Ligand SMILES: [Zn+2]
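Encoded structure:
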C-alpha cells in the first residue's frame, strides 16, 4: 500500500539548486541540450503555477519525492495527508 504525506521544506533547500531541463535524443548518452533552471523558479508539479512562498510542500509517496505542490493543490487534492515540517522556517506568532 502506498504511504503518502506532505513534507514541507524551505525554498532555499539544496534540492532546488543547480537544476536543469535535459533533452535527449534516443540512444544518446549525453543530452542533446541542457537548459538551466533558475534556483528561485519553483513550479507546482500538479498545476504548473509558480510557487512564491517561503515554504514549499513536497508530495512524498513511498519515501520518494513525487513533486512540488502549491497551497491551492495541496488543499484541493492532499488535505487529508499528514504533514512533516522540515522547513526550519520560524513562523511569526
Ligand atoms: Zn498547484
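In the numbering used here, the protein residues as written are 17 to 109.
Beta carbons: idealized from backbone N, C-alpha and C, even for Gly.
As the structure is a computational prediction, the values presented were derived from the model and not from experiment.
Considering only the beta carbon of each residue, do residue i and residue j sit closer than 7 Å?
i: residue 111; j: residue 21; result: This structure cannot settle anything about residue 111, because the visible part of the chain is limited to 17 through 109.
i: residue 26; j: residue 53; result: no
i: residue 32; j: residue 55; result: yes
i: residue 18; j: residue 78; result: yes
i: residue 23; j: residue 96; result: no
i: residue 70; j: residue 106; result: no
Along the chain, where does the alpha helix (DSSP H) containing residue i start, and where does it finish?
i: residue 20; result: First-last for residue 20: 20-26, but that is the beta strand (DSSP E), not the alpha helix (DSSP H).
i: residue 45; result: First-last for residue 45: undefined, no H or E at that position.
Buried or exposed, going by whether 16 or more other CB atoms sit within 10 Å of the CB of residue i?
i: residue 45; result: exposed
i: residue 73; result: buried
i: residue 58; result: buried
i: residue 85; result: buried
i: residue 90; result: buried
Is residue i near ligand 1, with its Cβ less than 6 Å from a heavy atom?
i: residue 24; result: no
i: residue 65; result: yes
i: residue 60; result: yes
i: residue 20; result: no
i: residue 38; result: no
i: residue 88; result: yes
What are the boundary residues of the beta strand (DSSP E) that includes residue i?
i: residue 35; result: 35-39
i: residue 72; result: 71-77
i: residue 100; result: 99-101
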